[in-house]
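Under my numbering, the first residue of the sequence shown carries the number -9, and numbering increases by one thereafter.
Built from N, CA and C at the ideal position, the CB exists for glycine as well.
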Amino acid sequence: MAPPPEPLPAFQPASQTAAEQRVLRALDDRLRPAGAAARLGLAIGTVRVHLKRVYAETGAHGQRRVVDRFARIRASLLPHGPSCARSG
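What follows is the structure, given as structure tokens:
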């Protein structure tokens, strides 16, 4: 069994927990909070709490804006740039 992936670098200057990053990754797959909760084995309330914390940490408003920002940062860290962001 492969080890879990390392957490991605956080937004600057805020930082997200590994759990918040997992929620953002699930939402980046165009899932709604209920779908992310089901995929991750979490209660929907837990997903919402993680989102609220990310909103507070980043100052961003709205799920799509936060997830898109996370996706751009994640894509910029890939070896071949944004074109690889959705592969895998």
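Please report the residue range of the alpha helix (DSSP H) in which Gly49 lies.
Premise fails: Gly49 is in no alpha helix (DSSP H) and is neither H nor E.
Report back the beta-carbon spacing between Leu14 and Val44 to the nearest angstrom; my notes put them in contact at under 8 Å.
7 Å
Taking C-beta to C-beta, are Ala27 and Val37 nearer than 8 Å?
yes
Quick one: grab the DSSP three-state call for Ala4.
Any reading at Ala4 must be qualified, since the residue scores a pLDDT of 48, below 50, and its modelled position is unreliable; no value is offered.
Smallest Cα separation from Val56: which of Leu30, Ala24 and Asp18?
Asp18
May I ask which residues mark the beginning and end of the alpha helix (DSSP H) holding Leu20?
Looking at the sequence provided, one finds Arg at residue 20 rather than Leu. First-last for Arg20: undefined, no H or E at that position.
Spatial neighbours of Gly25 within its chain, please: CB distance less than 8 Å, with the 5 preceding and 5 following residues excluded, ordered by chain position.
Ala16
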